[in-house]
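So the structure is just underneath, and the comments pick up after that.
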Amino acid sequence: MDVPTVGDLPPSCFYIPSFISAAEEEQVTKDIRKVPDSRWTVLTHRRLLSLPSTLTGPARDTLIDAPLPSYLYWIVIRLQEAGYFTASTHQRPNHVLINEYKTAEGIMPHEDGPSYNPITATVSLGSHTILEIYKKNGQGERDAKPSWRILQEPRSLLVTTGEMYVKTLHGISELESDDNLNPEDIVNWDLIEQKDIYQSGKAERGTRISLTFRDVIKVAKLGGAMKFMSKKA
Numbered sequence: 001m002d003v004p005t006v007g008d009l010p011p012s013c014f015y016i017p018s019f020i021s022a023a024e025e026e027q028v029t030k031d032i033r034k035v036p037d038s039r040w041t042v043l044t045h046r047r048l049l050s051l052p053s054t055l056t057g058p059a060r061d062t063l064i065d066a067p068l069p070s071y072l073y074w075i076v077i078r079l080q081e082a083g084y085f086t087a088s089t090h091q092r093p094n095h096v097l098i099n100e101y102k103t104a105e106g107i108m109p110h111e112d113g114p115s116y117n118p119i120t121a122t123v124s125l126g127s128h129t130i131l132e133i134y135k136k137n138g139q140g141e142r143d144a145k146p147s148w149r150i151l152q153e154p155r156s157l158l159v160t161t162g163e164m165y166v167k168t169l170h171g172i173s174e175l176e177s178d179d180n181l182n183p184e185d186i187v188n189w190d191l192i193e194q195k196d197i198y199q200s201g202k203a204e205r206g207t208r209i210s211l212t213f214r215d216v217i218k219v220a221k222l223g224g225a226m227k228f229m230s231k232k233a
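Start counting the sequence shown at 1; every next residue gets the next number (full-length UniProt numbering).
Quick look at the structure:
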């Protein structure tokens, strides 16, 4: 992968602006909007869609083998061709978590966990956001304040793997707007494509959809998974 690393972050984080075009963003957003509301899981501060399904099994770490929706497959191909998933179990994403954040919605700092290969690839649609990155302390707990702030532009791709995946946590504060948007406070400022939008140092958030592509390690055929679950019952 001939992609520059991000500032002083661990050298296993990559930011690519305009990973998809404006036309592609518009089309995939329309496709997502066609998904019935009944398919979505509504949480207090966001709603999400797990594709092709949620993880199952006693440890909630197994994916039922099924194809991803056709409207996302071209992104899977693009990620494969870029080489981001070369070292993962299936050498391609097999799971996508779609999160919709409205203005002032976010997510607590968290890790993605051991059910997945240590790589995530997130495409942003609609609006920017600020992803806050926290270091873990000696007890494995997160520091009180974020060590870095990443500006994710619409249509951008953010890839985290290796040390960045296993030794940090990430979250999004529940804000209507983001400030301190400048080279000193945004770790990927040098890679931002549309700096003019953020030159004032502040930007209002809109509705953002994130597509987080992962490779689940354990995959089971539907029949085998049902037998496994019935034995555990």
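Positions of the beta carbon are idealized from the N, C-alpha and C atoms, including for glycine.
Check for me: the alpha helix (DSSP H) holding SER70 runs from which residue to which? 70-82
Q) Using 8 Å as the threshold, is the segment 177-197 in touch with the segment 206-217, meaning 3 or more CB pairs across them? A) no
Alpha carbon of residue 234 to alpha carbon of HIS170, nearest angstrom:
As displayed, the chain neither begins before 1 nor continues past 233, which places residue 234 out of reach and without an answer.
According to DSSP, is LEU181 helix, strand or coil? coil
*Grab the span of the alpha helix (DSSP H) containing GLN152 for me, first residue to last.*
Here GLN152 belongs to no alpha helix (DSSP H); instead the beta strand (DSSP E) covers 148-152.
Notebook entry, point to check: Between the C-alpha atoms of residue 321 and ASP2, what's the straight-line distance to the nearest angstrom?
Noted result: Outside the shown range of the chain (1 to 233) lies residue 321, about which nothing can therefore be said.
field: Inter-residue spacing [alpha-carbon to alpha-carbon] between residue 253 and ILE150
entry: Nothing about residue 253 can be reported from this structure: the residues present for the chain run from 1 to 233 only.
Practice task
Compute the Euclidean distance between the alpha carbons of ILE217 and PRO67, then round it to the nearest angstrom.
Solution key: 15 Å
State the DSSP-derived secondary structure class of LYS218, mapped to helix, strand or coil. strand
Check: Which of the three DSSP states, helix, strand or coil, is assigned to GLU25?
Finding: helix
| request: Could you tell me which residues DSSP pairs with residue 255 in its beta bridges? | output: Residue 255 cannot be examined here, being either before or after the span of the chain that is shown, 1 to 233.
For this session: With DSSP as the reference, label VAL159 as helix, strand or coil.
Result: strand
Given the structure, does SER70 come close to the ligand ADP, in the sense that its CB is under 8 Å from one of the ligand's heavy atoms?
Judged by which ligands are present, the structure shown has none, so any question about the ligand ADP falls away.
For PRO109, report the span of its beta strand (DSSP E) as first-last.
Run containing PRO109: 107-110, per the beta strand (DSSP E) assignment.
Is ALA233 helix, strand or coil when you go by DSSP? Model confidence at ALA233 stands at a pLDDT of 40, short of 50, so the residue's coordinates are unreliable and nothing is read from them.
ask   = Is it right to say ASN188 is buried, meaning 16 or more other beta carbons lie within 10 angstroms of its own, or is it exposed?
value = Flag for ASN188 reads buried.
Quiz item: Does DSSP put SER127 in a helix, a strand or coil?
Solution: coil
C-beta neighbour in chain B for THR161, strict 9 Å = The chain inventory of the structure shown lacks chain B, comprising one protein chain alone.
Can you tell me the Cα-Cα spacing of LEU55 and LYS221, whole angstroms? 13 Å
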